[in-house]
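Undergrad:
In our numbering, the protein residues as written are 5 to 130.
#1: What does DSSP give as the partner residue(s) for residue 11 in the beta ladder?
#2: What's the C-alpha gap between residue 36 and residue 109?
#3: Give me the residue from 111, 66, 85 with the minimum Cα distance to residue 73.
#4: Distance, Cα to Cα, residue 96 vs residue 58?
#5: Have a look at residue 130 and residue 26 and give me their C-alpha separation to the nearest angstrom.
#6: Would the beta-carbon of residue 118 fall within 7 angstroms of that of residue 44?
#7: Which of helix, strand or coil does DSSP assign to residue 37?
#8: Pick out whichever of 81, 46, 17, 51 has its Cα sitting closest to the Cα of residue 32.
#9: So what's residue 111 in DSSP terms, helix, strand or just coil?
#10: Around the Cβ of residue 103, are there at least 16 other Cβ atoms within 10 angstroms (buried) or fewer (exposed)?
#11: I'd like to know whether the C-beta atoms of residue 124 and residue 14 end up nearer to each other than 7 angstroms.
So, in structure tokens, the structure goes:
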């Protein structure tokens, strides 16, 4: 991912455990899209990537979420689950944050040290 991301859709490809898992992805790269994130939603289809970002909060959220912090090379720094009404501490090395419904990331094999890839919709079609 050597280019700047734009708001849109794509895939989050999790490279781990000898298998790749592709997850539908919403990309929130603009200030407006990042600010909205998952606010007001009852569920998430796949995941949301906030970029750039190094922390999140769950105020005004309706559901608990999994949060993965990614470094600039898209390697997972940490994964945590946050209940609604919480403020996450900033992760100094984090450049991107992935959010999903609580419990989803374990099923994808997403954990610290795992490499992920972001495939924007335009790239997937080409």
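Where a beta carbon is used, it is the ideal one built from N, C-alpha and C, also for glycine.
TA: Per the coordinate set shown:
#1: Along the chain shown, read from residue 1 onward, the residue named residue 11 stands at position 7. Beta-bridge pairing links residue 11 to no other residue.
#2: As a position in the chain shown, residue 36 is number 32, starting the count at 1. As a position in the chain shown, residue 109 is number 105, starting the count at 1. Between the alpha carbons of residue 36 and residue 109 lies a distance of about 25 angstroms.
#3: Translated into positions along the chain shown, residue 73 becomes position 69. Residue 85 holds the alpha-carbon nearest to the alpha-carbon of residue 73 among 111, 66, 85.
#4: As a position in the chain shown, residue 96 is number 92, starting the count at 1. As a position in the chain shown, residue 58 is number 54, starting the count at 1. For residue 96 and residue 58, the distance between alpha carbons rounds to 7 angstroms.
#5: In the chain shown, counting from the first residue as 1, residue 130 sits at position 126. In the chain shown, counting from the first residue as 1, residue 26 sits at position 22. Because the pLDDT of residue 130 is 41, which lies under 50, any placement of that residue in the model is unreliable, and the number read from its coordinates should be weighed accordingly. Their backbone Cα atoms lie some 17 angstroms apart in a straight line.
#6: Locating residue 118 in the chain shown gives position 114, counting from the first residue. Locating residue 44 in the chain shown gives position 40, counting from the first residue. No, Cβ-Cβ distance for residue 118 and residue 44 is not below 7 angstroms.
#7: Reading the chain shown from its first residue, position 33 is the one you call residue 37. It is helical.
#8: Position 28 of the chain shown, counted from the start, is the residue given in the question as residue 32. The candidate whose alpha carbon is nearest that of residue 32 is 51.
#9: Indexing the chain shown from 1 puts residue 111 at position 107. Residue state for residue 111 is assigned as helix, using DSSP reduced to three classes.
#10: Working through the chain shown from its first residue, we reach residue 103 at position 99. Answer is buried; the Cβ neighbour count reaches 16.
#11: Position 120 of the chain shown, counted from the first residue, corresponds to residue 124. Position 10 of the chain shown, counted from the first residue, corresponds to residue 14. Annotated as proximal: residue 124 and residue 14, with beta-carbon spacing under 7 angstroms.
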